[in-house]
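Asks:
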Amino acid sequence: MARITRLRKSLGVAAKCLHNLGDRNQRVWMLTLTYAGSNRQWHARHISQFLDGLRKWHYSRTGSKKVRYVWAAELQERGVIHYHVICWLDHALTPPKPDRPWRNRDGWQPPMWRHGMSNRLESTAPVAYIMKYASKIESKNIGGFPRGARIHGCGGLDVVGRGIRRWVMWPAYVQGNADCSERWRPAKGGGYENAATGEVLHAEFAPAGGSFTRFVRVRRHPRLIEAGGPFMWLRS
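See below:
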């Protein structure tokens with residue numbers, strides 16, 4: 000369940016931040032990547048190879064490899080993984096269909112997605128679109144994904160966006176003691192460590208009964224602030 004919660008938080012915040020980075024004339028595209036066969040044809044590198052191709056195409060059109068995108072994996076009714084990708088582009092750009100060759104100054108390039116079919120649609124509600132598919136992933140079906148599969152990702156965030164996304168993913172006891180510019184990371188043995196100062200906040204809950212299905216509170220850290228969302232300290 001924790002993995003699903005992290006997925007929904009990460010995708011929702013990333014999509015909002017990425018959307019706000021663009022201007023009013025930006026165009027948002029929804030790309031669906033489907034396998035022609037079964038999960039036996041799946042490999043973890045396939046989604047990375049597609050994103051590399053998308054960056055290469057973007058560079059050929061703009062001179063920049065930085066693309067704003069989020070993606071989520073989903074299981075079809077037949078149990079085969081497929082991907083939903085949203086990318087934010089300048090108003091003059093239309094991405095090629097992922098399963099079709101595309102052209103740059105060097106000539107024709109192979110399809111970005113070579114493993115089956117694809118779909119391409121323009122979106123007017125990208126955040127709602129990606130959260131719709133994230134909501135379909137439940138604890139009862141998450142085990143159906145191929146072993147080792149990542150189920151979500153994003154790219155193109157600026158420094159502020161990365162800080163906001165990082166803050167949202169922290170537990171409440173870190174959120175109440177750190178702003179979104181700070182870098183806290185999981186500590187050895189549990190809890191979180193400030194990467195700059197070495198300060199450690201130990202986890203407030205521990206597994207009970209030798210399993211990770213039930214947790215009990217073992218400590219309570221004081222909060223410097225009851226934060227309702229990402230924030231920055233006012234520094235003199």
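Yeah, the sequence shown ends on 235 if you go by numbering that gives the first Met the number 0, and it's all consecutive. Every residue gets a Cβ at the ideal spot worked out from N, C-alpha and C, and that includes glycine. Note that the structure is predicted; figures quoted are calculated from it, not measured.
1) Run through DSSP, which three-state label would leucine 156 get?
2) When you compare only the Cα positions, how much space is there between asparagine 38 and tyrosine 68?
3) Look at the alpha carbon of asparagine 176 and the alpha carbon of tryptophan 87, and state the distance between them as a whole number of angstroms.
4) So, using beta-carbon positions, are valine 12 and arginine 164 closer together than 7 Å?
5) Can you find a CB in chain B that lies within less than 7 Å of the CB of glycine 162?
6) Using only the alpha-carbon positions, how far apart do alanine 194 and glycine 227 sit?
7) Verify whether the separation of the beta carbon atoms of proline 110 and aspartate 98 is less than 7 Å.
8) What would DSSP say about proline 125, mapped onto helix, strand or coil?
9) Looking at the structure shown, is cysteine 16 part of a helix, part of a strand, or coil, going by DSSP?
10) At what residue ranges does the stretch 190 to 228 contain a whole run of the beta strand (DSSP E), taking only runs of 3 or more?
Replies: In terms of the structure at hand:
1) In the displayed model, leucine 156 falls within coil according to three-state DSSP, outside both helix and strand.
2) Distance between asparagine 38 and tyrosine 68, taken at the CA atoms: about 24 Å.
3) The straight-line gap from Cα to Cα measures roughly 33 Å.
4) Going by beta carbons, valine 12 and arginine 164 fall inside the 7 Å limit.
5) Absent from the structure is chain B; it holds one protein chain and no more.
6) When rounded, the distance between both Cα atoms is 24 Å.
7) Yes, Cβ-Cβ distance for proline 110 and aspartate 98 is below 7 Å.
8) Helix.
9) Assignment of cysteine 16 by DSSP, reduced to helix, strand and coil, places it in the helix class.
10) Runs of the beta strand (DSSP E) lying entirely within the stretch 190 to 228 and spanning at least 3 residues, in chain order: 191 to 193, 204 to 206 and 214 to 216.
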